[in-house]
Every structure is written in structure tokens, then in C-alpha cells.
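Numbering-wise (the working numbering), the sequence shown opens with residue 55 and increments by one. As C-alpha cells, the structure follows; a few thoughts come after it.
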Amino acid sequence: MDPRGEIFWGDPRYAVALLSAAHVESSPRQPPPEVDFGAPAAIAFTPTIDIPRDEYQVRDWPFTTDEHETYDVLRATLHGRDYLFGYPQHCTLAYDPTPTGQIPLLSLGSDDERAWYWHDGDCLMLFLEPGRAHPGAISLGSDAG
55 MDPRGEIFWG DPRYAVALLS AAHVESSPRQ PPPEVDFGAP AAIAFTPTID
105 IPRDEYQVRD WPFTTDEHET YDVLRATLHG RDYLFGYPQH CTLAYDPTPT
155 GQIPLLSLGS DDERAWYWHD GDCLMLFLEP GRAHPGAISL GSDAG
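What follows is the structure, given as C-alpha cells:
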């Protein structure tokens with residue numbers, strides 16, 4: 055966090071996943087007083103189907119610009135805005151944001167009700183680097199846009 059209290063999605067440790075043994079009980083903790091996360095927010099996931107978003111996620115993209123609009127409608131009906139795994143839900147980025155050697159873990163869309171505003175209303179994507187877990191946490195990377 056910078057001196058003004060701002061947090062940047064690209065900062066190291068912006069997102070951290072904590073690990074605990076199955077038998078360890080956990081309970082919610084309040085954030086430090088200088089950090090305001092707003093109201094708690096729950097996310098519900100349902101089984102869906104995922105297909106690539108655009109030409110940045112497929113080597114030989116087969117669709118024209120007009121066909122891509124129809125494809126976008128189909129893709130939107132197959133899965134929700136917030137989801138685990140699958141292709142990252144990048145919005146304004148003109149590239150596949152998946153870092154080399156990492157896998158997409160979580161995509162979260164901006165949401166007024168939850169006070170989530172990722173990169174001017176786009177989405178936040180978290181990536182997992184397999185094998186980089188250390189005691190108590192998993193190494194995550196992030197991108198927004």
C-alpha cells in the first residue's frame with residue numbers, strides 16, 4: 055500500500071491465497087483500521103462451459119469482426135462474469151494476460167454493488183503459479199483490464 059492508502063492490483067502480494075490444513079478451524083478477521091474493504095461480498099460459482107474470448111487466446115482465430123459479435127453473445131450465455139479457471143476475462147487488454155508458466159485461477163468483473171472497480175470498470179484476473187506454494191500461502195499473480 056502506498057502512503058496515501060492506495061493499493062495497486064499489480065503490486066506484489068496484492069492477492070494472497072492462504073492455505074490451512076483441513077482440520078484447522080478459521081474465523082473471519084477484521085482488516086487493519088487503515089484498510090477499508092467496504093461491505094463483505096460473497097461470490098457463488100456454478101458449473102459452466104468456457105470458450106476463448108478472442109483472437110488473443112487462440113492461435114488461428116476463425117471469426118470476422120461481424121462474426122465475433124455473435125460469438126461474444128454465445129460466450130456470454132455459457133458462463134458468468136465471475137468464475138474460477140477457464141480463459142481469463144480480459145476486457146480492454148489487447149493480449150492474453152496469462153503470465154508464462156501460470157494458469158488462470160479467478161476472473162472477477164467490476165461490480166457497483168460490491169464496490170469492485172478493477173481498472174476503470176474492467177475485470178481482475180488472478181493467476182496461479184503451480185509449484186510456488188510456500189508454508190501458509192500460494193503465489194498469485196494479477197492483471198486488470
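Even for Gly, the Cβ is constructed at its ideal location relative to N, Cα and C.
Relative to the Cα of Ile-97, the nearest Cα in the group Leu-138, Cys-145, Gly-155, Leu-182 belongs to Leu-138. When the beta-carbon positions are compared, Thr-102 and His-133 come within less than 8 angstroms of each other. Contact holds between the segment 166-183 and the segment 142-149, because three or more Cβ pairs, one in each stretch, are under 8 angstroms apart. In chain order, Tyr-141 place their CB closer than 6 angstroms to the CB of Arg-107, counting only its own chain and leaving out the 5 sequence neighbours on each side. Per DSSP, the beta bridge partners of Asp-197 are Met-179. Judged by DSSP secondary structure, Leu-162 falls outside any alpha helix (DSSP H) and instead within the beta strand (DSSP E) spanning 157-163. Taken atom to atom, the span from the alpha-carbon of Val-127 to that of Arg-135 is near 13 angstroms.
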